[in-house]
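Undergrad: Got a structure for you, written out below as structure tokens; questions coming shortly.
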Amino acid sequence: TVDKIQVANVSLHKVFLQGYQLHLTDLCSGSEFEEVIQLGEQELSKLCSLPSEKLDAAEQVLHSNMDILKPILRELNSTSPIPSKELSKATGTLLDSLGSLIQQL
Numbered sequence: 003t004v005d006k007i008q009v010a011n012v013s014l015h016k017v018f019l020q021g022y023q024l025h026l027t028d029l030c031s032g033s034e035f036e037e038v039i040q041l042g043e044q045e046l047s048k049l050c051s052l053p054s055e056k057l058d059a060a061e062q063v064l065h066s067n068m069d070i071l072k073p074i075l076r077e078l079n080s081t082s083p084i085p086s087k088e089l090s091k092a093t094g095t096l097l098d099s100l101g102s103l104i105q106q107l
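For the sequence shown, the residue numbers in the numbering used here are 3 to 107.
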């Protein structure tokens, strides 16, 4: 289930607007969280069956590892022509810096 959450499709717009205000318990209550992170029914069922203490701990891990730039990188890697090494490295550095800044904000 953890692996599925880590590779789940994520709505960048929703994460920017409410990412750190979202809670895993919202997934189980049928809120808009599914619009942010898309999981299969089996993963959702496993997640919702966890005791609240484990669900809270999983949420803390999720927030500490949330990469809001993942959708950008996936789109860049899948639709853009392969850039030169220098451009690729510079873009990666810029995205890492922006990610750190956004997480601090």
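C-beta: ideal position from N, C-alpha, C; glycine also.
#1: Whose CA, out of E61, E37, L24 and L29, lies closest to the CA of S47?
#2: Can you list, in chain order, the residues of its chain with a C-beta nearer than 7 Å to that of Q40? Leave out the 5 residues immediately preceding and following it.
#3: For L49, collect the residues of the same chain with a Cβ closer than 8 Å to its Cβ; drop the 5 residues on either side in sequence, then sort them by chain order.
#4: Tell me Q40's beta-bridge partners as DSSP assigns them.
#5: Hey, would you say L52 sits closer than 8 Å to V38, going by beta carbons?
#6: H65 by DSSP, collapsed to three states: which one?
TA: This is what the structure holds:
#1: Residue mapping note: residue 47 aligns to position 45 of the sequence shown, counting from 1. Nearest to S47 by alpha-carbon distance, out of E61, E37, L24 and L29, is L29.
#2: Residue numbering aside, residue 40 sits at position 38 when the sequence shown is read from its first letter. The residues are A10 and N11.
#3: Here the question's residue 49 lines up with position 47 in the sequence shown. Same-chain partners within the cutoff: T3, I7, L26, L29, C30, L41, L57 and A60.
#4: Within the sequence shown, the letter at position 38 stands for residue 40. DSSP output for Q40 lists N11 as bridge partner(s).
#5: As a first step, residue 52 is located in the sequence shown; it is residue number 50 there, counting from the start. As a first step, residue 38 is located in the sequence shown; it is residue number 36 there, counting from the start. No, they are not a contact pair.
#6: As a position in the sequence shown, residue 65 is number 63, starting the count at 1. Residue state, collapsed to three classes: helix.
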